[in-house]
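Offset between the sequence shown (1-based) and my numbering: plus 12.
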Amino acid sequence: MGEKEKTNFSLTGIEDDLIKAAVQETIGREHTEEELELLGLEVAENSPEFAILEQRQKQGLWNYPFDGSEVFSPLDENGDEIIPTDIEILRFVAAKFVKREMNFFEITKLEKPITKFDLQPIVFTLIRSTFPKYELPKEKLKSLMDALTSNPTAEPGLSIPVWNGKTMTEPGNTESLIFDNGQFTINLWQEPSYRKLTPRDNSLGVFEEFLTFIFKNPAEKEVFLDWLSWCLQNETDKPSWAIFLFSEKHGTGKSTLASVVKKLFGEENASEQQGIKPIISRFNKSILHKKLIYAEEVKVAQNSDDGNKLKTLISERQTMAESKGKDIEPVDHRCCFILTTNHKPIWLESGDRRFYIIHVDHEGFAAGGAKYEEFVALVQRVKQTYDRPIDLASLYGALKERKQSAIFDPYSLNVNKVATDIMKEINALSPDIVEEMLEEFLREHGILFVPVRYANKVVEFFAHRNPNASKYSFDRLGWKKKKFAWGGKGPAWAFYDPQSNPEKGRLQTKNFVETIENHLNRTLGPALNEIGFGINFEMMERKAPKTQENDAPF
Numbered sequence: 013m014g015e016k017e018k019t020n021f022s023l024t025g026i027e028d029d030l031i032k033a034a035v036q037e038t039i040g041r042e043h044t045e046e047e048l049e050l051l052g053l054e055v056a057e058n059s060p061e062f063a064i065l066e067q068r069q070k071q072g073l074w075n076y077p078f079d080g081s082e083v084f085s086p087l088d089e090n091g092d093e094i095i096p097t098d099i100e101i102l103r104f105v106a107a108k109f110v111k112r113e114m115n116f117f118e119i120t121k122l123e124k125p126i127t128k129f130d131l132q133p134i135v136f137t138l139i140r141s142t143f144p145k146y147e148l149p150k151e152k153l154k155s156l157m158d159a160l161t162s163n164p165t166a167e168p169g170l171s172i173p174v175w176n177g178k179t180m181t182e183p184g185n186t187e188s189l190i191f192d193n194g195q196f197t198i199n200l201w202q203e204p205s206y207r208k209l210t211p212r213d214n215s216l217g218v219f220e221e222f223l224t225f226i227f228k229n230p231a232e233k234e235v236f237l238d239w240l241s242w243c244l245q246n247e248t249d250k251p252s253w254a255i256f257l258f259s260e261k262h263g264t265g266k267s268t269l270a271s272v273v274k275k276l277f278g279e280e281n282a283s284e285q286q287g288i289k290p291i292i293s294r295f296n297k298s299i300l301h302k303k304l305i306y307a308e309e310v311k312v313a314q315n316s317d318d319g320n321k322l323k324t325l326i327s328e329r330q331t332m333a334e335s336k337g338k339d340i341e342p343v344d345h346r347c348c349f350i351l352t353t354n355h356k357p358i359w360l361e362s363g364d365r366r367f368y369i370i371h372v373d374h375e376g377f378a379a380g381g382a383k384y385e386e387f388v389a390l391v392q393r394v395k396q397t398y399d400r401p402i403d404l405a406s407l408y409g410a411l412k413e414r415k416q417s418a419i420f421d422p423y424s425l426n427v428n429k430v431a432t433d434i435m436k437e438i439n440a441l442s443p444d445i446v447e448e449m450l451e452e453f454l455r456e457h458g459i460l461f462v463p464v465r466y467a468n469k470v471v472e473f474f475a476h477r478n479p480n481a482s483k484y485s486f487d488r489l490g491w492k493k494k495k496f497a498w499g500g501k502g503p504a505w506a507f508y509d510p511q512s513n514p515e516k517g518r519l520q521t522k523n524f525v526e527t528i529e530n531h532l533n534r535t536l537g538p539a540l541n542e543i544g545f546g547i548n549f550e551m552m553e554r555k556a557p558k559t560q561e562n563d564a565p566f
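This is how it looks when you write it as C-alpha cells:
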C-alpha cells in the first residue's frame, strides 16, 4: 500500500461497505434514500434530544432559538434571510394587540385581558419565535415595550392602539384595525392564506366530480355553484336565502361538502354549530361575525318560533345581538348559511323562499350503498386535494370566474322556476294538518259561523293547543272575527266565513238567508254533537235576561 493510499485509508469506508453488503444479502437490494431516512429517524427517536424537539413541536415552540438549536429564518425573494429593523418589529407587534381600560388584548383573543406585566414576556416570546435572528437583550426589550405601551405621540402603527370596544366583519379588507375618531375598531375577517397563491390554472376539478355524484339533478348542482360562486365574488354582501342539504341516510357527503366550503371562505371566517339554537340564542354576536355559518343536524319543532328567527337572520342584514357581559347592540352582518339535516324539514311553510333544499341521495351512502367503496375513494380524493392550498386556490379562482345563470337571484329565490323535487314534496306537506282537518270539518257540515266560546272546543278535537291557537287557525282559513248579537242576547265574539255576510242577526249567502241562532242550532249544534261536545240551544225566551256567557274577546 502506497503512502497516499495509507493516508486515505478509512475504517468508516470499510464499515459502510460491510453494512451495504449485509443489507444486499438480507433484502436482496440496497436501501433507498427514503428507507435510510426512516431508519435514521427510528434511531433518533429514542434519543433524549429527539424527545425535547418533539415536545417543543407540540408546544408550538419549534422555531424558538433555544441555546444550541437550529432555527429557520424567513427569506426574501432573493433567498436572503429577513432580519427586521426595529421599526418593523414595532409595526409587527402593534398590529397584534390593542389596549382598553388599563388592559391589553390579543386581537384574536379579545375575551382574555392581559396585564402590562404579563404583556412583556408574551411580546418577547412572540418576536423571538417569529424572527429568531433578531437580537433582543433586556435593555432593548424595555425600550421596545415603552415605545409600544407608553408613547401617546407615536404615529398610528408604531404603538399598541386604543380599542373602542367594537368589532366588525369587513370581508376583503386585510387590515385588522380600522381607525375611528382616535380609537380603533377591530375587523375580525382574516384573509385565507391560500389566496396569496397563484395556481397554474383555475379549475373546479374533483370538486365538480364530487357534486355530480352527490346531487341527483344537474340543475341542483348549477344552482349550488351559482350560490357559492356569488357568495365568494361578493363577500361584502349576503344572499337572502340559504343552502339546505337533506338526506335520510348517513354518510352521503354533506359534511365533506361543507368542509370544502369552509376552507374556501377560510376556517377562521366560518362558524360550525350543532343545530340552530346557538345561532338564534341571546349571545350570538360572535357567531354573526363570521362570514359562513354552517349548522348541522337542523331540526325545528312544528309551530316553533325558532324557524322564524332563523329565517330573519338569513334574509336580513341587520339584527340586535349581544356578547356575554356586554350590552345589546345592532350588528350589521354579512353571513351566508349552509344547513344540513337527516330529518325532512316539513316544518317549513308552503312556498318558503329562504331555503334551497337539495336531497343528497345516491348509492354511495354508508352502511349498504351499492357504490359505497367508489364514493369513499372519491371523498378521500376531495379531502387530499383541498388539503393542498394550491389546489384550493385553483378551485377558488374557478368560482371567482364563474358567471351565474340568468335566473339566479341572490336576493330572491324563485321557487316556481328552481324548486327541487324535495321542495315540491315538502310544499305539499307544509299546510298544517290540524287546519286541513278543521277546514274539511267546517265544509263537510256547512258551518259558516262559530262563536268564540265554542271555537277552542272545535280545534281541540283535532289537537290539544294553546287557547289562543284557534284565532290563528281560523285566520289562516280566511275567516274573520267580530262581535255580533243574536237570539235576544248581547253581542258576543264569533268567527265567520266572509261569504256568509252576517248582519242584523242573519247569515246571507248567494243561496239562502238564515238567522244566526238557527244556523247554530241546526248546523253547528249537530256537528259538535258528532265530536262529543254538545251545546245548549242558542234560542232564548225573549223575556229572559240577556247574559254574557264565557265571552272572552281574544
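Every residue, glycine too, gets a C-beta built ideally from N, C-alpha and C.
query                                                                                                                           : result
Cβ-based neighbour list, A556, same chain, cut-off 8 Å, excluding 5 preceding and 5 following                                   : Unreliable placement is indicated for A556, whose pLDDT of 37 sits below 50; the coordinate value is still reported in the next sentence. Hits under 8 Å: G500.
Selection from V235, Q392, F461 that minimises the alpha carbon distance to Q520                                                : F461
Reduced DSSP category for A580 - H, G, I as helix; E, B as strand; rest coil                                                    : The question about residue 580 has no answer, for the chain in this structure spans 13 to 566.
Minimum C-alpha distance to E451 - residue among N428, S485, I438, T44                                                          : S485
When T142, Y423, L300, E385 are compared against L87, the one with the closest alpha-carbon                                     : T142
CA-to-CA distance, L360 to A313, given in whole angstroms                                                                       : 10 Å
E247 and G194 closer than 8 Å at C-beta                                                                                         : no
Which of helix, strand or coil DSSP assigns to T224                                                                             : helix
Proximity below 8 Å, CB of V427 to CB of F258                                                                                   : no
Candidates K289, I172, R294, D317: closest to E308 by CA position                                                               : K289
Option in A166, P149, K70 with minimal Cα separation from I99                                                                   : A166
CA-to-CA distance, M449 to M552, given in whole angstroms                                                                       : For M552, the pLDDT reaches just 39, beneath the cut-off of 50, and the residue's location in the model is therefore unreliable, leaving the point undetermined.
Residue from N513, T137, F116 whose Cα sits closest to the Cα of T161                                                           : F116
Where H476 falls, given that 16 or more other Cβ within 10 Å makes a residue buried                                             : exposed
Per DSSP, cross-strand counterpart(s) of Q195                                                                                   : D192
Close beta carbons around D339, own chain, < 7 Å, minus the five adjacent residues each side                                    : none
Where F129 falls, given that 16 or more other Cβ within 10 Å makes a residue buried                                             : exposed
Three-way DSSP call (helix, strand, coil) for W239 in this model                                                                : helix
Contacts around T331, its chain only, beta-carbon distance under 8 Å, and the 5 residues preceding and following it disregarded : L300, T324, L325, P342, V343, H345
T264, buried or exposed, once every other Cβ within 10 Å from all chains shown has been counted against 16                      : buried
C-alpha distance - F545 paired with K469, whole-angstrom precision                                                              : 8 Å
Rounded Cβ spacing between G278 and P211 (contact assumed at less than 8 Å)                                                     : Actually they do not touch by this definition, with Cβ atoms about 17 Å apart.
Cβ-Cβ separation, A159 to L102 (assumed contact under 8 Å), whole Å                                                             : 6 Å
Endpoints, beta strand (DSSP E) assigned at P538                                                                                : From DSSP, P538 is part of no beta strand (DSSP E) but of the alpha helix (DSSP H) over 537-542.
Classification of K441 by the beta-carbon crowding that lies within 10 angstroms, buried from 16 upward                         : Note that residue 441 is Leu in the sequence shown, not Lys. With fewer than 16 Cβ atoms within 10 Å of its Cβ, L441 is classed as exposed.
Buried versus exposed, by CB contacts within 10 Å (16 or more), R329                                                            : exposed
Sequence-distant residues of the same chain with beta carbon closer than 6 Å to K303, five excluded per side                    : P183, F277, N281
Residue range of the unbroken beta strand (DSSP E) whose run includes M180                                                      : 175-180
S298 and S335 closer than 8 Å at C-beta                                                                                         : yes
As assigned by DSSP and simplified to three states, the class of K516                                                           : coil
P173 CB to nearest heavy atom of the ligand SAH below 7 Å                                                                       : In the structure shown, the ligand SAH is absent, as is every other ligand, since no ligand is present at all.
Euclidean distance between Cα positions of A270 and Y306                                                                        : 7 Å
Reduced DSSP category for F116 - H, G, I as helix; E, B as strand; rest coil                                                    : strand
L540 vs Y423 beta-carbon contact at 8 Å                                                                                         : no
Extent of the continuous alpha helix (DSSP H) to which K595 belongs                                                             : This structure does not reach residue 595, given that the chain is present from 13 up to 566, and the question cannot be answered.
C-alpha gap between K492 and P463, whole angstroms                                                                              : 11 Å
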